[in-house]
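*Asks:* Under numbering that gives the first Met the number 0, the first residue of the sequence shown carries the number 0, and numbering increases by one thereafter.
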Amino acid sequence: MRIFTSDPVVAQHMPEPALAEQECEACTTEDDPLEPEEYADYRAEIRDDVWTVVDDHHLEGTYTFADFRDALEFTDEVGELAEAEWHHPAIELEWGEVMIELWTHKLDGLHKTDFVMAARMDRIYDDYEPDEGA
């Protein structure tokens, strides 16, 4: 349930929705990449068994699947998400694995949107059910 309020005091004390529920935010070249202390809370909301922050610059994640078909279907869903949000990761597809790199090119570093995308990909993966008939 989404609650809208114009009262700034009430809005200040309302919890922020989970990352996977948030919209991707556009950034400008005037924004700075996130520092570790700034992204620590976001990092806590994405899967530890999938994602690693590399050099405080980008996220690398690896999802595993039973076979190539399942990995390909997941890749297609991630592609749909990327197009919808206009935030495109680097994706490598192999038999039973999908490797993803996320960073904000405009900043040459991490932005909140990278973590939102990672959380949404985690949700796609968690909700994924292989097609038994394939």
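Note that the Cβ used here is the ideal one computed from N, Cα and C, for glycine as well.
All figures in this text were calculated on a predicted structure; none of them were measured in a lab.
Could you give the distance in angstroms between the alpha-carbon of A19 and the alpha-carbon of E44?
*Replies:* Taking the first residue of the sequence shown as position 1, residue 19 is located at position 20. Taking the first residue of the sequence shown as position 1, residue 44 is located at position 45. Roughly 9 Å between the two C-alpha positions.
*Asks:* Measure the alpha-carbon distance for F73 versus M120 and round it to whole angstroms.
*Replies:* Locating residue 73 in the sequence shown gives position 74, counting from the first residue. Locating residue 120 in the sequence shown gives position 121, counting from the first residue. Cα to Cα, F73 sits roughly 9 Å from M120.
*Asks:* Helix, strand or coil for I99 per DSSP?
*Replies:* Counting from one through the sequence shown, the residue named residue 99 turns up at place 100. In the structure shown, I99 sits in a strand (DSSP, three-state: E or B).
*Asks:* Give me the Cα-Cα distance between L80 and E37, rounded to the nearest whole angstrom.
*Replies:* Mapped onto the sequence shown, residue 80 falls at position 81. Mapped onto the sequence shown, residue 37 falls at position 38. Between L80 and E37, the C-alpha separation is close to 25 Å.
*Asks:* With a threshold of 6 Å, establish whether the CB of D30 neighbours any heavy atom of the ligand GTP.
*Replies:* The ligand content of the structure shown is nil, which means the ligand GTP is not present either.
*Asks:* Please go through the same chain and pick out, in chain order, the residues whose beta-carbon is closer than 6 Å to the beta-carbon of V53, but skip the five residues on each side of it.
*Replies:* Start at 1 with the first residue of the sequence shown, and residue 53 comes out as number 54. Closer than 6 Å at Cβ, skipping near neighbours: E59.
*Asks:* Just verifying my parser: in three-state terms, what is the DSSP assignment at T61?
*Replies:* The residue given as residue 61 occupies position 62 in the sequence shown. Three-state result, T61: strand.
*Asks:* State the DSSP-derived secondary structure class of A89, mapped to helix, strand or coil.
*Replies:* Locating residue 89 in the sequence shown gives position 90, where the first residue counts as 1. If DSSP states are grouped into helix, strand and coil, A89 belongs with the strands.
*Asks:* Among E96, F67, H57, which has the Cα closest to the Cα of P88?
*Replies:* As a position in the sequence shown, residue 88 is number 89, starting the count at 1. Cα-wise, what sits closest to P88 is H57.
*Asks:* Roughly how many angstroms lie between the CA atoms of R68 and H86, to the nearest whole one?
*Replies:* By 1-based counting over the sequence shown, the position of residue 68 is 69. By 1-based counting over the sequence shown, the position of residue 86 is 87. Looking at the two C-alpha atoms, the distance is approximately 24 Å.
*Asks:* Roughly how many angstroms separate the alpha carbons of R1 and V115, rounded to a whole number?
*Replies:* On the sequence shown, position 2 is the one that residue 1 refers to. On the sequence shown, position 116 is the one that residue 115 refers to. Because the pLDDT of R1 is 37, which lies under 50, any placement of that residue in the model is unreliable, and the question is left without a value.
*Asks:* For T140, which residues in the same chain have their Cβ closer than 8 Å to its Cβ, ignoring the five residues on either side in sequence?
*Replies:* Given a span of 0 to 133 for the chain in the structure shown, any question on residue 140 remains unanswerable.
*Asks:* Have a look at Y124 and I90 and give me their C-alpha separation to the nearest angstrom.
*Replies:* Translated into positions along the sequence shown, residue 124 becomes position 125. Translated into positions along the sequence shown, residue 90 becomes position 91. The straight-line gap from Cα to Cα measures roughly 15 Å.
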